[in-house]
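Engineer: Dropping a structure here in structure tokens format, bear with me for questions.
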């Protein structure tokens with residue numbers, strides 16, 4: 004029995020030494036000191052791998068590789084959440100700014116999501132729109148997110164805001180104001196001669212928003228009811 008126990012302990016030590024070697028190799032590949040701090044130390048690895056089976060060791064090694072931000076293709080999935088898609092919509096609509104992109108990059112890194120383009124964005128000096136926007140487009144291409152046309156972007160923004168209004172969770176007139184601000188560029192730069200409200204039916208909400216002879220409560224109620232009609236008529240069926 005003692006012989007078996009000693010043998011098992013020897014096997015565990017071998018596994019731990021392998022894990023420590025792997026962790027050391029991966030650590031050398033981290034290109035920024037601030038992200039090295041996020042790496043799991045060898046002592047923690049040793050503690051967690053002690054007594055693990057081979058399958059568990061492989062899982063731990065894979066987790067370590069992810070934590071150390073080595074494999075961009077592994078860490079950045081091809082299909083992202085709607086967060087990146089929404090940023091692409093705002094980018095196309097001309098309402099995404101340099102600080103928004105940098106904040107998003109820092110947020111992704113804090114979550115452990117890695118891309119080499121993130122470092123290019125953070126290292127960009129000066130952080131002008133020309134440089135940052137080019138790198139942002141590079142990142143969107145890397146993760147497979149398409150940049151819509153300004154017409155497509157405007158329609159997506161309209162649906163986003165009107166659905167919020169129809170949900171009853173926001174102040175209708177305040178949210179509708181945000182909508183108008185975000186689609187403002189559409190009417191300046193779009194090839195169409197029609198106002199977006201005429202194309203997508205927000206003219207009723209628009210009318211309520213500029214109503215001069217109603218109380219604020221009546222205006223909010225009018226926008227809310229018009230938004231519900233809009234949802235049944237214009238919203239995409241998901």
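Residue numbers (this note's numbering): 4 to 241. Glycine included, C-beta positions come from ideal geometry on N, C-alpha and C. Since this is a predicted model, take the numbers as computed values, not measurements.
Is the beta carbon of residue 179 sitting closer than 9 Å to the one on residue 164?
Structural biologist: yes
Engineer: Sorted by chain position, which residues of the same chain lie with C-beta nearer than 6 Å to residue 166's C-beta, five sequence neighbours on each side aside?
Structural biologist: none
Engineer: First and last residue of the alpha helix (DSSP H) that includes residue 211?
Structural biologist: 206 to 212
Engineer: To the nearest angstrom, report how far apart residue 114 and residue 121 are at their CA atoms.
Structural biologist: 13 Å
Engineer: Would the stretch 131 to 144 count as touching the stretch 88 to 105 if we require 3 or more Cβ pairs under 8 Å?
Structural biologist: yes
Engineer: Hey, could you find the ends of the alpha helix (DSSP H) residue 118 is sitting in?
Structural biologist: That residue, residue 118, is in no alpha helix (DSSP H); it is neither H nor E in DSSP.
Engineer: Tell me the rounded alpha-carbon separation between residue 71 and residue 103.
Structural biologist: For residue 71, the predicted model reports a pLDDT of 44, less than 50, meaning its position is unreliable and no value from the coordinates is stated.
Engineer: Identify whether residue 151 lies in helix, strand or coil by the three-state DSSP scheme.
Structural biologist: coil
Engineer: Give every residue of the same chain whose Cβ lies closer than 8 Å to the Cβ of residue 226, excluding the five residues on either side of it in the sequence, and list them in chain order.
Structural biologist: 168, 175, 176, 179, 208, 211 and 212
Engineer: In the DSSP assignment, find the alpha helix (DSSP H) that holds residue 231 and state where it starts and stops.
Structural biologist: 219 to 237
Engineer: How long is the line joining the alpha carbons of residue 93 and residue 155, rounded to whole angstroms?
Structural biologist: 11 Å
Engineer: With 16 other CB atoms within 10 Å as the buried threshold, where does residue 189 fall?
Structural biologist: With 16 or more Cβ atoms within 10 Å of its Cβ, residue 189 is classed as buried.
Engineer: Once the 5 residues before and after residue 173 are set aside, which same chain residues still bring their CB inside 6 Å of it?
Structural biologist: 167
Engineer: Given a cut-off of 9 Å on the beta-carbon distance, is the pair residue 90 and residue 105 in contact?
Structural biologist: no
Engineer: Helix, strand or coil for residue 97 per DSSP?
Structural biologist: coil
Engineer: Could you tell me if residue 216 is buried or exposed, where buried requires 16 or more neighbouring beta carbons within 10 angstroms of its beta carbon?
Structural biologist: exposed
Engineer: Let's test the definition: count the other Cβ atoms within 10 Å of the Cβ of residue 219 and tell me whether it reaches 16, buried, or not, exposed.
Structural biologist: exposed
Engineer: Quick one: what does DSSP say residue 135 is sitting in, helix, strand or coil?
Structural biologist: For residue 135, the three-state secondary structure derived from DSSP is helix.
Engineer: Relative to the C-alpha of residue 183, which residue among 235, 157 and 152 is closest?
Structural biologist: 157
Engineer: CB-CB under 7 Å to residue 185, same chain, minus the five flanking residues each way: which ones, in chain order?
Structural biologist: 96, 98 and 160
Engineer: Along the chain, where does the alpha helix (DSSP H) containing residue 175 start, and where does it finish?
Structural biologist: 175 to 185
Engineer: If the criterion is Cβ atoms closer than 9 Å, does the pair residue 118 and residue 142 meet it?
Structural biologist: Here residue 118 is near residue 142, since their CB atoms are less than 9 Å apart.
Engineer: For residue 152 versus residue 204, is the C-beta distance shorter than 9 Å?
Structural biologist: no
Engineer: Residue 216 by DSSP, collapsed to three states: which one?
Structural biologist: coil
Engineer: Just the C-alpha distance for residue 234 and residue 221, rounded to the nearest angstrom, thanks.
Structural biologist: 20 Å
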